[in-house]
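Protein chains in written order, with our numbering: chain F, 1 to 264; chain E, 265 to 647.
Note that beta-carbon positions come from the ideal geometry of N, C-alpha and C, so glycine has one too.
The structure displayed is predicted, hence computed values, not measured ones.
Notes follow once the structure below has been shown.
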């Protein structure tokens with residue numbers, strides 16, 4: 001059983017949604033981002049999304065862009081990110097870890113998927129590879145023992161959702177509305193998207209983009225989604241020197257409310 | 265998608281999933297318009313009576329060799345850019361969009377987009393790096409005069425590449441009402457194919473004009489390559505002919521250093537701004553900073569069809585340095601009384617080398633733009 005399956009099974013038994021925390025590796029330096037990973041796990045994050053910084057992140061809003069720039073300015077290399085993740089895996093054997101990055105970073109390194117698998121990474125989401133282009137990437141991931149994660153947008157036609165459902169393995173990263181990371185959804189999450197994905201047989205739907213407060217977590221989970229991912233709010237809090245463990249704790253607490261009722 | 269959007273291994277549509285429906289809508293509108301005589305009639309009318317097509321083919325009188333210039337510098341707006349902004353503007357209308365966004369480096373594509381925004385009645389927003397806004401104040405004012413809003417971009421290297429990133433981000437949230445009027449034959453499918461088709465008229469006219477004036481096809485066709493729209497437009501109708509196709513990249517301060525924009529000569533396969541192509545990058549895949557005296561060639565990727573033409577061997581790609589381009593700019597001014605854009609001067613620089621080696625060859629040069637925008641810089645560099 002994969003780490004994701006084990007996590008979703010454990011949370012389902014407790015009637016909780018999954019809380020995913022995003023951290024940009026190398027921001028503002030490798031040591032600080034290492035501590036940040038431990039801090040979000042301590043706050044109760046069930047799964048981690050980690051960014052490998054790219055110079056031209058077109059799917060990201062200003063907060064994540066700035067984080068990537070800080071990491072690159074501090075000299076973060078892809079091999080540093082894998083080393084950091086391997087050490088994290090040693091400390092935390094069970095927490096599922098997914099990489100979020102861009103196609104050029106993956107393409108530039110022959111054996112990227114294998115290196116990720118060796119570092120104990122469970123999944124990979126490539127922000128600028130839509131389902132239309134994902135087939136060869138997904139095949140390479142599965143050959144290396146990594147689970148593909150694709151983004152499902154609410155505006156995707158049925159044919160695209162079926163393709164996304166077929167290619168995604170770990171979970172399905174759901175985006176409720178148009179925009180980039182850090183976009184505030186105003187508490188609106190699309191329950192129809194969740195129903196369409198379930199009908200298409202997609203793996204566990206998890207909402208990202210615009211999750212920064214406990215009420216967003218509750219609203220997202222009330223659609224029947226199995227979890228949420230919080231990115232910009234965590235990165236922003238860390239950059240301001242705020243207590244990230246406490247922020248994660250408050251958001252995680254909201255995943256323990258009423259999920260069971262909403263799902264049935 | 266109805267077409268596969270590939271040129272050999274290059275091309276594709278590498279964008280966030282959220283943008284795929286917008287690209288599919290654009291491809292559909294483009295293909296439908298290709299089959300619609302009313303679209304062709306409106307576009308051709310604008311190209312002739314608004315933009316001033318056909319543009320002349322000028323045989324040089326005083327430069328060495330036998331050089332012919334395809335005079336896109338005489339097109340309304342001052343460059344070949346106008347051809348394709350009219351095409352995309354009409355498509356945006358067909359799709360019912362009310363707002364145009366575009367990126368610009370030196371400002372030429374921003375000005376062209378502002379022109380079509382004013383003409384066809386769109387709200388127009390131009391993204392431009394803060395460094396470029398500072399360097400190109402006059403072009404910023406031109407855009408504003410025609411009613412466009414110019415948004416300075418602080419992120420990244422604050423130049424063209426960062427303006428494209430920001431336009432893509434805007435489009436991710438606004439595609440229902442907004443058309444992204446990409447300025448070159450790069451980016452995700454269908455842009456490379458669509459922009460080539462809207463620029464094909466340059467080569468089609470030039471081919472007919474060569475046959476009329478010289479009585480035969482040229483031996484070589486030479487064009488500068490940044491993103492590659494002017495070159496692909498000039499090459500397209502010569503692809504099946506027995507004619508050398510030569511793209512000239514910005515060799516900047518020299519190809520041995522890092523200060524150039526020679527993506528095809530010094531880059532490697534990668535994915536940037538929606539397409540697989542050649543990219544200037546480091547070993548981790550981070551995109552490199554580029555340099556050229558001409559802002560229009562100062563770009564770390566290139567249209568995917570050029571990547572394929574290079575790998576297939578159908579076209580050759582060479583470099584011209586800043587110094588060679590400036591010398592050609594000066595030679596054209598002194599010899600023929602024409603001020604060309606620094607971008608076009610790169611093509612001319614290579615044509616002059618070719619003319620020296622083969623004085624009897626007929627060389628067709630894409631004079632893609634006029635030099636007014638570069639006069640102040642030329643004054644500083646040549647004084």
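Start and end residues, beta strand (DSSP E) containing residue i
| i | result |
| --- | --- |
| residue 330 of chain E | 330-335 |
| residue 81 of chain F | That residue, residue 81 of chain F, is in no beta strand (DSSP E); its alpha helix (DSSP H) goes 78-91. |
| residue 572 of chain E | First-last for residue 572 of chain E: 568-576, but that is the alpha helix (DSSP H), not the beta strand (DSSP E). |
| residue 99 of chain F | 97-101 |
| residue 321 of chain E | 321-323 |
| residue 533 of chain E | 532-536 |
For residue j and residue i, the rounded distance between their alpha carbons
| i | j | result |
| --- | --- | --- |
| residue 231 of chain E | residue 602 of chain E | Absent from the structure is residue 231 of chain E, since the part of chain E shown begins at 265 and ends at 647. |
| residue 408 of chain E | residue 278 of chain E | 32 Å |
| residue 585 of chain E | residue 95 of chain F | 53 Å |
| residue 19 of chain F | residue 427 of chain E | 34 Å |
| residue 228 of chain F | residue 251 of chain F | 10 Å |
| residue 211 of chain F | residue 242 of chain F | 17 Å |
| residue 476 of chain E | residue 469 of chain E | 10 Å |
| residue 110 of chain F | residue 542 of chain E | 17 Å |
| residue 76 of chain F | residue 54 of chain F | 10 Å |
| residue 411 of chain E | residue 402 of chain E | 14 Å |
| residue 13 of chain F | residue 496 of chain E | 60 Å |
| residue 365 of chain E | residue 165 of chain F | 33 Å |
| residue 172 of chain F | residue 442 of chain E | 28 Å |
| residue 538 of chain E | residue 553 of chain E | 18 Å |
| residue 581 of chain E | residue 509 of chain E | 8 Å |
| residue 599 of chain E | residue 434 of chain E | 46 Å |
For residue i, three-class secondary structure by DSSP
| i | result |
| --- | --- |
| residue 137 of chain F | helix |
| residue 367 of chain E | strand |
| residue 192 of chain F | helix |
| residue 484 of chain E | strand |
| residue 614 of chain E | helix |
| residue 379 of chain E | helix |
| residue 252 of chain F | helix |
| residue 269 of chain E | coil |
| residue 53 of chain F | coil |
| residue 373 of chain E | helix |
| residue 262 of chain F | Bear in mind that a pLDDT of 47 at residue 262 of chain F, under 50, signals an unreliable position, so the number given afterwards is only what the model happens to contain. Residue state, collapsed to three classes: helix. |
| residue 606 of chain E | helix |
| residue 242 of chain F | coil |
| residue 508 of chain E | strand |
| residue 126 of chain F | strand |
| residue 362 of chain E | coil |
| residue 209 of chain F | coil |
| residue 347 of chain E | helix |
| residue 146 of chain F | coil |
8 Å Cβ cutoff, residue i in contact with chain E
| i | result |
| --- | --- |
| residue 182 of chain F | no |
| residue 232 of chain F | no |
| residue 179 of chain F | yes |
| residue 65 of chain F | yes |
| residue 56 of chain F | yes |
| residue 77 of chain F | yes |
| residue 229 of chain F | no |
| residue 127 of chain F | yes |
| residue 14 of chain F | no |
| residue 133 of chain F | yes |
Option nearest residue i by Cα separation, candidates the options
| i | options | result |
| --- | --- | --- |
| residue 93 of chain F | F:119, F:15 and F:36 | F:119 |
| residue 51 of chain F | F:163, F:60, F:189 and F:110 | F:60 |
| residue 158 of chain F | F:29, F:197 and F:139 | F:197 |
| residue 283 of chain E | E:298, E:265, E:299 and E:595 | E:265 |
| residue 137 of chain F | F:217, F:153, F:43 and F:106 | F:106 |
| residue 524 of chain E | E:617, E:555 and E:343 | E:555 |
| residue 98 of chain F | F:58, F:72 and F:147 | F:147 |
| residue 314 of chain E | E:303, E:340, E:298 and E:291 | E:340 |
Extent of the continuous alpha helix (DSSP H) to which residue i belongs
| i | result |
| --- | --- |
| residue 550 of chain E | Residue 550 of chain E -> no alpha helix (DSSP H), and no H or E assigned at all. |
| residue 286 of chain E | 284-298 |
| residue 13 of chain F | 3-13 |
| residue 216 of chain F | 214-221 |
| residue 475 of chain E | 455-477 |
| residue 502 of chain E | Premise fails: residue 502 of chain E is in no alpha helix (DSSP H) and is neither H nor E. |
Below-8 Å beta-carbon distance, residue i vs any chain F residue
| i | result |
| --- | --- |
| residue 391 of chain E | no |
| residue 548 of chain E | yes |
| residue 278 of chain E | yes |
| residue 439 of chain E | yes |
| residue 282 of chain E | yes |
| residue 275 of chain E | no |
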